[in-house]
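Notes follow the structure.
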Amino acid sequence: MRRALVTGGASPLGGAICRRLAADGLHVIIHAHANLARAQALAAAIGSATAIACDITDIAATAEALAPILAAGVPQVIVHNAGTHEDAPLAAMTEAQWRGVLDVSLTGFYAVLRPTILPLIGTRWGRIVAVSSVSALLGNRGQVNYAAAKAGLIGAVRSLSREVASRGITVNAVAPGVIASPAADAGVDARRIAEIVPMKRAGRPEEVADLVAFLCSDRAAYITGQAISINGGMI
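Per the numbering used here, residue 9 is the first one in the sequence shown, and the count goes up by one each step.
Here is the structure:
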């Protein structure tokens, strides 16, 4: 059975991705930052899943958390879904807000892929997907840090895809638009969504999960180095 590692797997979007990959027959390793109990509850609900917790901005701690997983064999599907935002106009943005948002997306990408990429190359088959954002493609007021972090992921994906393409490993990004979640529902009302999204609705986490699952499947073997946006027509 192939295994999948999903960072930020206990979030609303991460949970949908974990459930979809499990439905496709993968054993899912659900990563959480601090809320291990939520990841464990999701793992119990899925069945063929386990939960781990670590701060992926801490490179050494991440390597330590991954060591027992790698000892059992490298996960051949890796979805870097973890992310955070601390919105503020650049003129008022603190250094902590800038560094914190970039660290989760970009340092987290490095921390998870650095110890796994060589073992993954050795298997001659792999799927890596990073969750970016439409903000990386369009920009958004108050999100200079978030847009930079998510755009950086796209650059990392495109570069890594060239390094591993000949080894049967694909590396892609998905860039969701407005996706329904408790946080999004509280921050963006239906009227505003109708103004900015041509489809007049927020996307569902399951719709993003379907795209991620496709990119993680054998059917997507010739798709690599791409940033695919799922945004209801925003761009």
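By construction, the Cβ of each residue, glycine as well, lies at the ideal position given by its N, Cα and C atoms. Keep in mind the model is a prediction, meaning the values are calculated, not measured.
Could you tell me the boundaries of the alpha helix (DSSP H) in which residue i lies?
i, result
"Ala104", "Glu103 to Leu110"
"Val246", "Beyond the ends of the chain as shown, which are 9 and 243, falls residue 246; an answer cannot be given."
"Val142", "Val142 to Leu146"
"Gly3", "The displayed coordinates of the chain run from 9 to 243. Any statement about residue 3 would go beyond what the structure contains."
"Arg199", "Ala198 to Ile204"
"Ala52", "Leu44 to Ile54"
"Val246", "This structure leaves residue 246 out entirely; the chain is present only between 9 and 243."
"Ala69", "Ile67 to Ala79"
Where does residue i land, buried or exposed, given buried means 16+ other C-beta within 10 angstroms?
i, result
"Lys158", "buried"
"Arg209", "exposed"
"Tyr230", "exposed"
"Arg199", "exposed"
"Ala31", "exposed"
"Gly91", "buried"
"Gly240", "buried"
"Ala164", "buried"
"Leu113", "A small fix is needed here, since residue 113 is Ser in this sequence, not Leu. It counts as buried."
"Arg149", "exposed"
"Ser167", "exposed"
"Ala57", "buried"
"Ala47", "buried"
"Ala79", "exposed"
How many Å lie between residue i and residue j at the Cα?
i, j, result
"Leu34", "Ala49", "18 Å"
"Leu74", "Pro123", "8 Å"
"Tyr3", "Ile67", "The question about residue 3 has no answer, for the chain in this structure spans 9 to 243."
"Ile243", "Leu146", "8 Å"
"Ala99", "Ala53", "44 Å"
"Gln105", "Glu203", "29 Å"
"Ile238", "Glu214", "12 Å"
"Leu161", "Gly55", "31 Å"
"Arg107", "Gly211", "29 Å"
"Ile201", "Val186", "8 Å"
"Leu44", "Gly23", "13 Å"
"Leu126", "Gly116", "17 Å"
"Val220", "Met101", "32 Å"
"Val4", "Cys26", "In the structure as shown, the chain begins at 9 and stops at 243. Residue 4 is therefore absent and cannot be evaluated."
"Ala40", "Asn180", "22 Å"
"Ala51", "Val36", "8 Å"
"Leu121", "Arg10", "17 Å"
"Asp63", "Ser19", "15 Å"
"Ala12", "Ala188", "24 Å"
Check whether the Cβ atoms of residue i and residue j lie closer than 8 Å to each other.
i, j, result
"Val172", "Ile129", "yes"
"Thr131", "Val85", "no"
"Ser169", "Thr232", "yes"
"Pro184", "Ser141", "yes"
"Glu103", "Asn153", "no"
"Val59", "Ile38", "Note on identity: in this sequence residue 59 is Ala, with Val being the wrong assignment. The answer is yes: Cβ separation under 8 Å."
"Asn89", "Thr15", "yes"
"Leu110", "Ala156", "yes"
If you follow the beta strand (DSSP E) that residue i is part of, which residue opens it and which one closes it?
i, result
"Thr178", "Ile177 to Pro184"
"Arg11", "Arg11 to Thr15"
"Thr58", "Ala57 to Ala61"
"Ala169", "What sits at residue 169 in the sequence shown is Ser, not Ala. Counting along the chain, Ser169 falls outside any beta strand (DSSP E), though it belongs to the alpha helix (DSSP H) covering Val152 to Val172."
"Val244", "Residue coverage of the chain in this structure runs from 9 to 243, which leaves residue 244 outside it and unanswerable."
Is there at least one non-hydrogen atom of the ligand SAM closer than 7 Å to the beta-carbon of residue i?
i, result
"Gln84", "The ligand SAM is not among the ligands present in this structure, which contains no ligands whatsoever."
Quick one: does residue i have its CB under 8 Å from some CB of chain C?
i, result
"Leu219", "The structure shown contains no chain C, having only a single protein chain."
Worksheet item: How about the stretch 130-137 and the stretch 211-227: do they share at least three Cβ pairs that are nearer than 8 Å?
Response: For the pair of segments examined, the stretch 130-137 was found to touch the stretch 211-227: the number of CB pairs separated by less than 8 Å reaches three.
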